[in-house]
Each structure stands twice: as structure tokens, then as C-alpha cells.
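Chains as they are written, first to last, in this note's numbering: chain A, 6 to 319; chain B, 6 to 319. This report refers to the structure that appears directly beneath it.
There are 2 protein chains.
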Amino acid sequence: MSHNSNYIINNSSTSNKTTWIAVDWGTSRLRVWHMNKEGDILDHRSCEQGMNNLQPSDFEDVLLTQIAPWLSSNSTTKVLACGMLGSRQGWMEVSYVTAPCPAATQSMQVTTQDPRIEVHICPGIKQLSPADVMRGEETQVAGFIASQPNFSGIICLPGTHAKWVLVDNAQVTHFQTFLTGELYALLAQQSVLRHSIDTHQWDDQCFSKALKQSIDEPQSISAKLFSLRAQALLNNLHTGSANAALSGYLIGLELASSKQLWKGRQVVIIGESTLAKRYSQALTLCEVSSSQQDSEKLTLQGLALAYHQLSFSS
Amino acid sequence: MSHNSNYIINNSSTSNKTTWIAVDWGTSRLRVWHMNKEGDILDHRSCEQGMNNLQPSDFEDVLLTQIAPWLSSNSTTKVLACGMLGSRQGWMEVSYVTAPCPAATQSMQVTTQDPRIEVHICPGIKQLSPADVMRGEETQVAGFIASQPNFSGIICLPGTHAKWVLVDNAQVTHFQTFLTGELYALLAQQSVLRHSIDTHQWDDQCFSKALKQSIDEPQSISAKLFSLRAQALLNNLHTGSANAALSGYLIGLELASSKQLWKGRQVVIIGESTLAKRYSQALTLCEVSSSQQDSEKLTLQGLALAYHQLSFSS
Numbered sequence: 006m007s008h009n010s011n012y013i014i015n016n017s018s019t020s021n022k023t024t025w026i027a028v029d030w031g032t033s034r035l036r037v038w039h040m041n042k043e044g045d046i047l048d049h050r051s052c053e054q055g056m057n058n059l060q061p062s063d064f065e066d067v068l069l070t071q072i073a074p075w076l077s078s079n080s081t082t083k084v085l086a087c088g089m090l091g092s093r094q095g096w097m098e099v100s101y102v103t104a105p106c107p108a109a110t111q112s113m114q115v116t117t118q119d120p121r122i123e124v125h126i127c128p129g130i131k132q133l134s135p136a137d138v139m140r141g142e143e144t145q146v147a148g149f150i151a152s153q154p155n156f157s158g159i160i161c162l163p164g165t166h167a168k169w170v171l172v173d174n175a176q177v178t179h180f181q182t183f184l185t186g187e188l189y190a191l192l193a194q195q196s197v198l199r200h201s202i203d204t205h206q207w208d209d210q211c212f213s214k215a216l217k218q219s220i221d222e223p224q225s226i227s228a229k230l231f232s233l234r235a236q237a238l239l240n241n242l243h244t245g246s247a248n249a250a251l252s253g254y255l256i257g258l259e260l261a262s263s264k265q266l267w268k269g270r271q272v273v274i275i276g277e278s279t280l281a282k283r284y285s286q287a288l289t290l291c292e293v294s295s296s297q298q299d300s301e302k303l304t305l306q307g308l309a310l311a312y313h314q315l316s317f318s319s
Numbered sequence: 006m007s008h009n010s011n012y013i014i015n016n017s018s019t020s021n022k023t024t025w026i027a028v029d030w031g032t033s034r035l036r037v038w039h040m041n042k043e044g045d046i047l048d049h050r051s052c053e054q055g056m057n058n059l060q061p062s063d064f065e066d067v068l069l070t071q072i073a074p075w076l077s078s079n080s081t082t083k084v085l086a087c088g089m090l091g092s093r094q095g096w097m098e099v100s101y102v103t104a105p106c107p108a109a110t111q112s113m114q115v116t117t118q119d120p121r122i123e124v125h126i127c128p129g130i131k132q133l134s135p136a137d138v139m140r141g142e143e144t145q146v147a148g149f150i151a152s153q154p155n156f157s158g159i160i161c162l163p164g165t166h167a168k169w170v171l172v173d174n175a176q177v178t179h180f181q182t183f184l185t186g187e188l189y190a191l192l193a194q195q196s197v198l199r200h201s202i203d204t205h206q207w208d209d210q211c212f213s214k215a216l217k218q219s220i221d222e223p224q225s226i227s228a229k230l231f232s233l234r235a236q237a238l239l240n241n242l243h244t245g246s247a248n249a250a251l252s253g254y255l256i257g258l259e260l261a262s263s264k265q266l267w268k269g270r271q272v273v274i275i276g277e278s279t280l281a282k283r284y285s286q287a288l289t290l291c292e293v294s295s296s297q298q299d300s301e302k303l304t305l306q307g308l309a310l311a312y313h314q315l316s317f318s319s
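Structure (C-alpha cells):
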């Protein structure tokens, strides 16, 4: 059980008030928060039971194991969930909303057995052309828009499948997903490059150089990748330098392709991970300024929006 | 034991003549041929004991298991080998020769216990800038040059690590390796795309379209890859179409980068696999003609050169 102490307030002071539960259920991880109506975190738990290895009939029990201490036997607690649990392989498939659309969209209730909970899942967003999808990120974007209602511009969400989301007048107008994070993991851990890379080592100069090369000559990426192996064999290239170069080539390829989205703008990066910092560093090298936003805070703000929308509509 | 019946000649007719053994020992496979001095195949065997899981002390025994029937107890048979067995993780590390250099280079003898064999390993070729290496392909290139001594031009060797080799005046003057085949395998089998791809299905039209898109906009590859997943989810993209598109994007990226090597030339493709046919098809779409060469035949011609060079120098 982990606490985010900045947000915790005394349970006793809220014990008589209505509370609700926020859930972010991804492919490999489940995170739950006990929330009050004002959006404060009363408690927080997480576990590794992502949706990847669950059958639809498993979800309710897994959820109850995590949130049972927060439930009351004589009332129903609303649960607002986002993420891959709404996909075809998840708890219940919730149809995508089609962009352009508001980031915060109407959640859908899933049938549950336990009378103490009422579970609602936020839909993802799809784009028809070019074909693209998101599930989970829309809730973070909705949380960001809630905090800056007049925002128009570009939001970058680094990760396994990095997303660039164009927002105008509180609508998601366009977005694009890149396989960057997954390519990095496959190449660093499973390709011939794994012999030459240490993912725990880093080299800023190699990152910058590779990034610029990739932006200037994106077509050369698959030759550049093999050359890392050759440099390791011939020149004893440092494993941290190879790691940074791999990251630089792949983020550079993404920036070369997304240029029309970020050029001349300030970019909002959602995330505070090392990876998010590298995106910020990469954009600085492209003379573009960026700001980083706390992704957990935005997820909770987005789920709070969905909760209040529910309370308002019911 | 597999035979290539086109080449087999009667053992009895050659039993009194000197024979030698050709070996291609790669990462995942060992192939051996019993040869006469004229370059005819007397017999052929192969097994899955590639160098990947062997210790240096294992190689001699593994080789002997395959070639024992061809050895004589009262003479020494020369064995000429190429491939990854000459790498640091192989039987014995044989230093690379530095390009520009002849494709056929001086082999190096490895110490063996059994007096019936004398084993020589062909070195690979390295290039200092941009850093690049090959082990095995140089022998095929040498075999090709032996059959066409006046050839000047570009040779393409599709595979896990596809190579483009520029030959001038019987020298390897420049080469470049692309991770194309390995990227394809990782993406088709291990990434999120594995749910949307059937590697046994194909769609020519999707291949051509993806190839052209990738040549025109190589920077967009990582977005295009995710879009295959989205098209599968949203438009039920056929798994064979997704497979062909993945192949088209990756070969297109390679062609975009190697353009200066093949533009305005006729390309020699070494290989007769399905993959080699796709390279030929891709080049045709770029209005470049190509011819396909039998890779086994060239390997044997290259090893025969090394054998004769040895006989000549000793």
C-alpha cells in the first residue's frame, strides 16, 4: 500500500461525507484512489494485476480486493475507471467516441454483482483518418483541460505508445500515436543491440547527436541502428552511449514526423518520468519550450470530471 | 540428411580423388557440403546447431558428427568455413579485413584435435566509417565476383540484417547494413501488432502502397506502424494486409535510405527466398531492375575460392 502523502487528509474528518473511487486500469497495472467530493485523495493502492491476464469475470473480484476497506455495507460507492479495461480484451468493451470531440466524455456503467459498488468506465477516443485510438490518455487530457479551460495547443504523452494530441476550444481535434516506446523496449532488450546496450546507463551528448541525426535523416534509422552494434564491436562504444543513441534515434524519428504539430508552439508534456524529461530535453534541442504536467494528478482530475458529470446527470 | 540432387555425382567415381569440405556456420544453423576439387557437390548435410548455443570447445565435435562419413583415417581433409563461427562468440575470433578490400580474403586456420581435418575460417569485412561489419556475406559476394569478374555495381543481400554492398574492380568498396529483417520479426511477433498480423498471409496491393508511402515519408514509420493496429481495431484490417503493409513500410524505409546506392543501377539480389522476391518486387516499383542469384551456389563458389587460394599458397 503506497500513500501520496501530499494529498492525504484525515479519514475521520470525512467519514460522514460521500466518497468515490478513481481507477486507472491499464494493461499491466491497476491503480485505485479513494477520493472525496472535493477531489482530495483519502487513500491510494496499486497492484500488478493489469488487464492483460484477466478474464471479464475476474475484474470485479480483483477490484473489490483492492477497494474493500473503503466500502460501506449500507451504501453504494461510485467507481470511475479509465484505461484499457474498456477495451475488447478488458472488463467490458466501451465504444470509442470519435474525434473531434471533448476529451471528457460520458462514461458507461458496467454490470456488477456487489451492491456496494457502481462502476462506470470512460470510453476511449478514435480518429478515423489517419486511423488512431487512445484509451486512458483522453482522461489525462480532460484533466488538463479542466485546469486550463482556455488552452489551445499541443499535448505530448510519452510512453509505450507515445501520443500527440491537438486541443482546440476544449476539443480533441486531432491526434497521432507513435510506437516509439515499444520499439525502444524491443530493440534494447530483444534485438542484436541488447549485447551492446545498458538501459541503466546514459550519455547526454550521444542522445543529442543521435536525435539531431534522426531529425535530419529519418530514413536512415534502420542503418543507424545496426551501426550501433558495429560501433560496439569495432570501437567499443560504451553501453550507456549506445542506450542514449538508441533513445535519441527513436525520439528523433518521432519528432521528425510530428514536426507540424510542435513547430513554433509550446508543448505540454504529460508525465514526470525520465522518459518525459528526455522529450523535454529533445524539444529544447529543437528550440521548442515545453512544460511537464503531473500525470497522476491529471488522471484524477479527469476521473473527477467524469464523477461530477455522472452526479449531475443522475 | 538432405541432398541437392542437381549437383550430386557418384561417390565411387571420385573416391580416389582429393575432396574438401565447405561449411557455412551461422547463428542458428550449420550447413556442410562434401566437395570435389572441381567444385561439384558430392554430398550435403545441415542441422540446427548454430553457433548461438555452442562453447568454443564444442565446435570440433559438432562438426565431426556431421562430416565423419566423408573423412578418411589416413589423410587430412581441408575444411573451409564462413559465417558467424569466426566471431567473438564463435569457434575462434578471426579479425575482420577492412574495406575497401577484395571480397575473397585469406582464411585463418583454427587449431583442431582430430588429425583427419584441417579447418580454415574466412574472415569477415569491417568498414570504419560509417561503422559496419559482415561475416558470411563476403563469401557470397566473393563467389559472385568469381563468376562475373568484370562486375561493378551494387549487390543486395536481404535477411535479418540486410546488406547493400558496392563492388568496384573486384573490391568491396562500401557497404551498409539495415536492421530490416530483425525489425520485421520483432514487430510481427512480439509487439502490439502481433494481434493484427498473420505472417503467412499476404496482400500485394498493401505491400506496394506501404512501400511507396514509406519511401515518400520515411519519417512517419513509427506512426504508420501504430496505425496498422488502429486500422485492425477500427476497420477490421485483414491480417494479411497488415503483414504486407508492415513488410512494405520496413523495406520502403531501407530503400529510402539506400537510394543513392541503387538509383539508376541494376541491382544484383543474392537470395531466392520469398523475402528476396519482395526486394525484387519493391525495386521494380521503384523502376529499378534486378536479378536474383542463388545464395547457396555463391557461398560454395566463395568457399571454393578460399580452398584454391589455400592450395595455391601452401
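No residue lacks a Cβ here, since even glycine has one placed at the ideal position from N, Cα and C. The model shown is predicted, which means the values in this text are computed figures rather than measured ones.
- In this structure, DSSP gives residue 123 of chain B an extended state, which the three-state scheme calls strand.
- Of all alpha-carbon atoms in B:303, B:179, B:316 and B:315, the one lying nearest the alpha-carbon of residue 152 of chain B is that of B:303.
- Secondary structure of residue 160 of chain A (DSSP, three-state): strand.
- Shown here, residue 193 of chain A sits in a helix according to DSSP, grouped into three states.
- Here DSSP, grouped into helix, strand and coil, assigns residue 211 of chain B to helix.
- B:117 is the residue among B:102, B:117, B:80 and B:108 whose C-alpha sits nearest the C-alpha of residue 69 of chain B.
- With a threshold of 9 Å between beta carbons, residue 136 of chain A makes contact with chain B.
- Judged by their CB atoms, residue 227 of chain A and residue 258 of chain B are nearer to each other than the 9 Å cut-off.
- When DSSP assignments are scanned along the stretch 224-249 of chain A, the uninterrupted stretches of alpha helix (DSSP H) that are 4 or more residues long and fall wholly within it turn out to be 226-240.
- A distance below 9 Å separates the beta carbons of residue 244 of chain A and residue 202 of chain A.
- Straight-line measurement puts the Cα of residue 141 of chain A at about 14 Å from the Cα of residue 111 of chain A.
- In the assembly as shown, residue 308 of chain A is a buried residue. Its beta-carbon has 16 or more other beta-carbons within 10 Å.
- The beta carbons of residue 181 of chain B and residue 266 of chain B sit closer together than 9 Å.
- Note on geometry: alpha-carbon atoms of residue 204 of chain B and residue 35 of chain A lie some 33 Å from one another.
- In the DSSP assignment, residue 283 of chain B falls outside any beta strand (DSSP E) and within the unbroken alpha helix (DSSP H) covering 279-290.
- Legend: CB atoms of the stretch 166-184 of chain B lying less than 8 Å from CB atoms of chain A belong to residues 166, 181, 182, 183 and 184.
- Chain B has no Cβ within less than 9 Å of the Cβ of residue 58 of chain A.
- For residue 222 of chain A, the nearest CB of chain B lies under 9 Å from its own CB, placing it at the interface with that chain.
- By the C-beta criterion, the stretch 56-67 of chain B is judged to be in contact with the stretch 85-93 of chain B, since at least 3 inter-stretch pairs fall below 8 Å.
- Under the three-state reduction of DSSP, residue 26 of chain B is assigned to strand.
- Here residue 107 of chain B is buried, its C-beta having at least 16 other C-beta atoms within 10 Å.
- Boundaries for residue 77 of chain B: no alpha helix (DSSP H) harbours it, and the DSSP string shows neither H nor E there.
- Within the stretch 128-157 of chain A, those residues whose Cβ lies closer than 9 Å to any Cβ of chain B are, in chain order, 131, 132, 133, 135, 136, 137 and 138.
- Beta-bridge pairing by DSSP links residue 36 of chain A to A:29 and A:51.
- For residue 195 of chain B, the closest Cβ of chain A is nearer than 9 Å.
- For the set A:119, A:62 and A:33, the Cα lying nearest the Cα of residue 80 of chain A is the one of A:119.
- Selection A:176, A:273, A:125 and A:285 evaluated against residue 64 of chain A yields A:125 as nearest (Cα-Cα).
- Judged by DSSP secondary structure, residue 104 of chain B falls outside any alpha helix (DSSP H); it is assigned neither H nor E.
- Within chain A, 227 have C-beta atoms less than 7 Å from the C-beta of residue 259 of chain B, given in sequence order.
- Remark: C-beta atoms of residue 252 of chain B and residue 162 of chain B do not approach each other more closely than 9 Å.
- As the crow flies, the alpha-carbon of residue 137 of chain B is around 39 Å from that of residue 270 of chain A.
- Spatial neighbours of residue 178 of chain B in its own chain (CB-CB distance under 6 Å, excluding positions within 5 residues in sequence) are listed in chain order as 105 and 171.
- Looking at the DSSP output, residue 295 of chain B sits in a beta bridge with B:272.
- For residue 170 of chain B, the enclosing beta strand (DSSP E) stretches over residues 167-173.
- Not one beta carbon of chain B lies nearer than 9 Å to the beta carbon of residue 104 of chain A.
- The beta carbon of residue 41 of chain A does not come within 9 Å of any beta carbon belonging to chain B, so the residue lies off that interface.
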